[in-house]
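Peer 1:
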Amino acid sequence: RFYLDPRSRDKDRDELLKLLDSESGVWGCDVVYKCVAVCPKKVTPTPAILELRKKMG
368 RFYLDPRSRD
378 KDRDELLKLL
388 DSESGVWGCD
398 VVYKCVAVCP
408 KKVTPTPAIL
418 ELRKKMG
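Numbers in my numbering are just positions in the sequence shown, counted from 1, shifted up by 367.
1) Using only the alpha-carbon positions, how far apart do S389 and G395 sit?
2) Use the C-beta contact count for V403: other C-beta atoms within 10 angstroms, 16 or more gives buried, fewer gives exposed.
3) Tell me the DSSP secondary structure of D418 in three-state form.
4) Determine the DSSP secondary structure at K385, reduced to helix, strand or coil.
5) So, using beta-carbon positions, are L383 and G392 closer together than 7 Å?
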């Protein structure tokens with residue numbers, strides 16, 4: 368969601384995309400939903416992470 372924020376400048380967006388396209392970004396997700404298990408609000412980021420992976424190739 369945040370990487371599409373229209374308030375972001377191109378430079379900020381490019382830096383964020385570099386962070387996301389790394390082992391500690393979308394490629395670090397093991398798709399086992401542990402994040403949902405520990406999140407008090409039961410946020411489910413996995414579908415968005417998988418979509419970002421598709422877009423990044």
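Think of the CB as a built atom: it goes at the ideal place given N, C-alpha and C, for glycine as much as any other residue.
Peer 2: Let me spell this out:
1) 7 Å
2) exposed
3) Per the sequence presented here, residue 418 reads as Glu, with Asp not at that position. In this structure, E418 counts as helix in the three-state DSSP scheme.
4) helix
5) no
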